[in-house]
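Residue numbering for the sequence shown follows the working numbering, starting at 178 and increasing by one per position.
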Amino acid sequence: MTGESLAARHTRAAYANHWDPYAIDVTADRDAVASLDRRTFTRFRGTLARFGAGEDAVTEDLVPLLSVLDGEDRIYAVTQIYDETRHAAFLERYWREVVTPVERDRGMDATDPTAAHWFSDAYEELFERTHEAMYRLRETTTPVARVRAYTHYHLTVEGILAHTAYYGIERNYGAGTAGLPLLTGLVDGFHWIRQDEGRHVAFGLKQVRRLVESDGVDPWVVAETIGELLVLVLDVLSEMAADAADVDGEQLQALARSTARDRIAQVADGDVTLPASCR
Ligand SMILES: [Fe+2]
Ligand SMILES: [Fe+2]
Numbered sequence: 178m179t180g181e182s183l184a185a186r187h188t189r190a191a192y193a194n195h196w197d198p199y200a201i202d203v204t205a206d207r208d209a210v211a212s213l214d215r216r217t218f219t220r221f222r223g224t225l226a227r228f229g230a231g232e233d234a235v236t237e238d239l240v241p242l243l244s245v246l247d248g249e250d251r252i253y254a255v256t257q258i259y260d261e262t263r264h265a266a267f268l269e270r271y272w273r274e275v276v277t278p279v280e281r282d283r284g285m286d287a288t289d290p291t292a293a294h295w296f297s298d299a300y301e302e303l304f305e306r307t308h309e310a311m312y313r314l315r316e317t318t319t320p321v322a323r324v325r326a327y328t329h330y331h332l333t334v335e336g337i338l339a340h341t342a343y344y345g346i347e348r349n350y351g352a353g354t355a356g357l358p359l360l361t362g363l364v365d366g367f368h369w370i371r372q373d374e375g376r377h378v379a380f381g382l383k384q385v386r387r388l389v390e391s392d393g394v395d396p397w398v399v400a401e402t403i404g405e406l407l408v409l410v411l412d413v414l415s416e417m418a419a420d421a422a423d424v425d426g427e428q429l430q431a432l433a434r435s436t437a438r439d440r441i442a443q444v445a446d447g448d449v450t451l452p453a454s455c456r
């Protein structure tokens, strides 16, 4: 449709690409996860717990943005909140229907994916800072405050951390080449989640570009924020590697660094010095 805004196009894509987190078949994953060695099973559960808590956090942290946006942008943001609840629901269900039965079969106590021991200080700090940047919009909605909010949420948590981590999961548990089992249900769910996330990141990038180009926000605000947060992101990704992985923690860190450089370039057109952590 001529003249349709990016937000309106993303809203239509959200309607068209509907998926049901309860319809994905995860039964085969139970046997596959049962074959993981003890250490890999622990790391796998940690990774899933962090994905799940992350989806819960971003669902809530998007709420303050609704009062900052209007028109088509606000309608789009509502679809994004809906997407995030769907991601959280899929991960909650996966834990309940795959992880918990495997723990029971192994004679272990069933664990809680929200228990504090799954989350490192770096993880907690990254999400705490994102929460603060989003809820700051309730006090100030200046262009710089908006850029900081989008840079935390859309560009870094979604656009670097989740982007890299989902890639790692799909490579390690989707290709069947890593010495790790194929997890068809998980990979299917992540396929849909990544499709949603593509819209989310594109929306955030567009908003930041507009604030830089039309409202005169210095792109260094983006680079500096990404540079600070990337230190935490790299720390979180280092915890993700499985022993037999096709893609290990170091490769994920390298990918996160190059994605960070891409995100900065996407809003600054190469006009900004890269922070040390991104080089
Ligand atoms: Fe999500
Ligand atoms: Fe998202």
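Ideal Cβ placement from N, Cα and C applies to all residues, glycine included.
By Cβ distance below 8 Å, which residues in the same chain neighbour residue i in space, the five residues on each side in sequence not counted?
i, result
"Thr436", "Gly336, Ile337, His340 and Thr341"
"Val398", "Val321, Val324, Arg325 and Thr328"
"Thr318", "Val245"
"Arg434", "Leu407, Leu411, Ser454, Cys455 and Arg456"
"Leu239", "Ala254, Gln257, Ile258, Glu261, Met311 and Tyr330"
"His187", "Tyr253, Thr256, Arg376, Ala379 and Phe380"
"Leu314", "Pro241, Leu242, Ser244, Val245, Ala322, Arg323 and Ala326"
"Asp448", "Pro396"
Report yes if the CB atom of residue i is closer than 8 Å to the CB atom of residue j, and no otherwise.
i, j, result
"Leu242", "Met311", "yes"
"Arg220", "Val279", "no"
"His331", "Val255", "no"
"Thr402", "Arg325", "yes"
"Ala265", "Asp233", "yes"
"Val364", "Tyr344", "no"
"Ala230", "Phe296", "yes"
"Asp260", "Ala191", "yes"
"Pro198", "Phe267", "yes"
"Leu451", "Arg438", "yes"
"Asp282", "Ala200", "no"
"Gly366", "Tyr271", "yes"
"Ala205", "Gly362", "yes"
"Ala293", "Thr277", "no"
"Thr307", "Val334", "yes"
"Asn194", "Gln372", "yes"
By DSSP, does residue i sit in helix, in strand, or in coil?
i, result
"Met178", "Any reading at Met178 is ruled out, since the residue's pLDDT is 47, under 50, leaving its predicted position unreliable."
"Asp282", "helix"
"His308", "helix"
"Tyr259", "helix"
"Ser297", "coil"
"Ala422", "coil"
"Leu451", "coil"
"Val245", "coil"
"Pro320", "helix"
"Asn349", "helix"
"Ile201", "coil"
"Trp397", "helix"
"Trp196", "coil"
"Thr402", "helix"
"Ser435", "helix"
"Thr288", "coil"
"Gly356", "coil"
"Glu232", "helix"
"Asp250", "helix"
"Arg216", "helix"
"Asp206", "helix"
"Leu411", "helix"
"Leu363", "helix"
"Asp446", "coil"
"Glu302", "helix"
"Leu239", "coil"
"Asp373", "helix"
"Glu416", "coil"
"Arg440", "helix"
Ordered along the chain, which non-local residues of its own chain (more than five positions away) have a Cβ less than 7 Å from that of residue i?
i, result
"Met178", "With a pLDDT of 47 at Met178, under the threshold of 50, the modelled position of that residue is not reliable, and the figure given next carries that caveat. Same-chain partners within the cutoff: there are none."
"Gln430", "Leu411, Leu414 and Ser415"
"Val444", "Leu382, Val385, Arg386, Val389, Pro396 and Val399"
"Asp423", "Arg348, Asn349, Ala352, Thr354 and Ala355"
"Asp425", "Ala418"
"Gly223", "Trp295 and Glu416"
"Glu305", "none"
Between which residues of its own chain and residue i is the CB-CB distance below 6 Å, once the five residues before and five after are set aside?
i, result
"Leu183", "Lys383"
"Phe218", "none"
"Val275", "Val203, Asp206, Arg207 and Val210"
"Phe228", "Leu268"
Are the C-beta of residue i and some C-beta of chain D separated by less than 8 Å?
i, result
"Gly248", "In the displayed structure, chain D is absent; only one protein chain is listed."
Tell me whether the region 403-413 and the region 379-391 touch, counting them as touching only if at least three CB pairs, one residue from each stretch, are closer than 8 Å. no
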